[in-house]
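First comes the structure, then the notes that go with it.
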Amino acid sequence: MFTSIQIVLIIFILFAISRVYLRAKERVIPVKTAAFWAFIWITALIGIALPTTTSKIAAYVGVGRGVDVIVYISLALLFYLVFRIYVMIEDLRHEITKLISNIGLKNTQKKSTSKKPIK
Amino acid sequence: MKALILVPAFNEATVIYSVLNSIPKKINHLENVEIIVVDDGSHDNTKKEAKRAGIQVISHILNRGLGAAIKTGIQYAREKKYDILVTFDGDGQHDPLDIQKIVQPILMQKADVVIGSRFITKEGVPFDRLIINSLANVATYLLFGTKSTDSQSGLRALSKKAIALIDFKADRMEFSSEILLEAKKHNLIVKEIPIKAIYTEYSRAKGQKNTNAFPVMFKFLVKLFR
């Protein structure tokens, strides 16, 4: 039987998986990204529904408890994802700059063309 | 040969007119010298003041940072086929007479990138600036492997070759170090010339803040590990 916390978490994860599926179907996120997130959530689902699996992994890698393995992996993953998001924001900033720069140059060109006398 | 003097400006309405008027319109051995202001989304009358000085202005509709303004200027110089590009800060911290000095090595074909260094003589440089600049130089060396006595200088000159090849990504202050990295990548000859720094209360408030050193360092690291 599941404990109440397991039930709450399983419901939340099923909700998260449904969101991944729907966003992929709407093509808001690419298939590769959807597959990544589906993998993350399904792994979490297995860890919560079958806690013995995380205990087995913990024993295998030499960490005390199954929950510790989850915390360590989650932290590493979260830090990595924050870093990826930071890089993505930087890329977006560069794209915006390119756009602003091109608009500025184009407007200057337009002005200098319109200043030329008509023959 | 024709040269472009690029003045990046952000909210410099109080000084830009006098700064632009102080820039020499003629440089020895150059037939044509044009000045252009890149107004980086100023909220004040910078653009109006620059136009009052009779200078053409390229406007950024949003503030994107000093690096972005320089990038726009380089792109303009590339499109208009300038032989030399000089960057000159709009806050009045440079001596206009130093322009002649920094274009000289390019005219003599002895350099592609000339950095006007405030720290060769260290004359009149406040102590905190000396420390921060030394840290920035060490960081530039450790991360990019390029040595400089003033990696963050705003007075620099680029040859036609450098204008064509230099393509940096940074939008903000960290672009200065990236220019050196680009020069190294393309085997461009870099030379440093001592220049005079004019530190006024205004230029100190407008220039790089000491606290900028940390975000700049962080951005360098992200660039390396991305």
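Which chain is which? The protein sequence lines are G and P, in order.
So in the numbering used here, spot 44 of the first sequence is number 45, and the numbers just go up one at a time.
So in the numbering used here, spot 181 of the second sequence is number 1415, and the numbers just go up one at a time.
Glycine included, C-beta positions come from ideal geometry on N, C-alpha and C.
Residue pairing by DSSP places P/Gln1386 opposite no residue, since no beta bridge is assigned to it. P/Asn1266 is bridged by DSSP to P/Lys1236. In this structure P/Val1291 is buried. Its beta-carbon is surrounded by 16 or more other beta-carbon atoms within 10 angstroms. Across the set P/Ile1423, P/Leu1319, P/Asp1325, the C-alpha of P/Leu1319 shows the shortest separation from the C-alpha of P/Ala1391.
When 9 angstroms is used as the limit between beta carbons, G/Leu79 is near no residue of chain P, the shortest such separation being about 17 angstroms.
In this structure, P/His1294 lies near P/Asp1274, with their beta-carbon atoms less than 8 angstroms apart. According to the DSSP secondary-structure assignment, P/Thr1321 is paired through a beta bridge with P/Leu1240, P/Arg1390.
Straight across, the Cα-Cα distance linking P/Thr1383 with P/Asn1371 is about 7 angstroms. In the DSSP assignment, P/Gln1327 falls outside any beta strand (DSSP E) and carries neither an H nor an E.
Interface criterion met: the Cβ of G/Leu106 is under 8 angstroms from a Cβ in chain P. Put simply, the CB of P/Tyr1251 is far from chain G, with every gap to its CB atoms at 8 angstroms or more. Taking 8 angstroms as the threshold, the shortest C-beta distance from G/Thr114 to chain P does not fall below it. For P/Phe1409, the number of other beta carbons within 10 angstroms of its own is at least 16, and it is reported as buried. Taking a C-beta cut-off of 8 angstroms against chain P, the contacting residues of the segment 89-105 of chain G are Glu91, Arg94, His95, Ile97, Thr98, Ile101, Ser102, Ile104, Gly105, listed in chain order. G/Ile8 is classed as exposed because its beta carbon has fewer than 16 other beta carbons within 10 Å across all chains shown. Using a C-beta cut-off of 8 angstroms, the segment 1424-1435 of chain P makes contact with the segment 1349-1366 of chain P, since at least three inter-stretch Cβ pairs fall below that distance. CA-CA distance, P/Glu1416 to P/Arg1406, rounds to 16 angstroms. Setting aside the 5 residues that flank it on each side, P/Tyr1436 is surrounded in the same chain by Thr1248, Val1249, Asp1325, Gly1326, each with a C-beta closer than 8 angstroms to its C-beta; the list follows chain order. By the 16-neighbour rule on beta-carbons within 10 angstroms, G/Glu96 is exposed. For P/Lys1260, no beta strand (DSSP E) segment is defined, and its DSSP state is neither H nor E.
In terms of beta-carbon proximity, P/Arg1312 stays away from the interface with chain G, with every pair separated by 8 angstroms or more. Assignment of P/Asp1273 by DSSP, reduced to helix, strand and coil, places it in the strand class.
Between P/Lys1395 and P/Leu1422, the CB-CB gap stays under 8 angstroms. For the 8 angstroms CB-CB criterion, P/Thr1280 and P/Ile1304 do not form a contact.
Counting the other CB atoms within 10 Å of its CB gives G/Ala45 a total of 16 or more, which places it among the buried residues. In the structure shown, G/His95 falls within a helical segment according to DSSP collapsed to helix, strand and coil. Note on geometry: alpha-carbon atoms of P/Phe1378 and G/Ser75 lie some 33 angstroms from one another. For G/Thr109, the chain P residues whose C-beta falls within less than 9 angstroms of its own C-beta are Ile1270, Gln1290, Val1291, Ile1292, Ser1293, Tyr1310, listed in chain order. DSSP places P/Val1347 in the strand class (E or B) of the three-state scheme. Residues of chain G with a Cβ closer than 7 angstroms to the Cβ of P/Ala1398 do not exist; the shortest Cβ-Cβ separation is about 17 angstroms.
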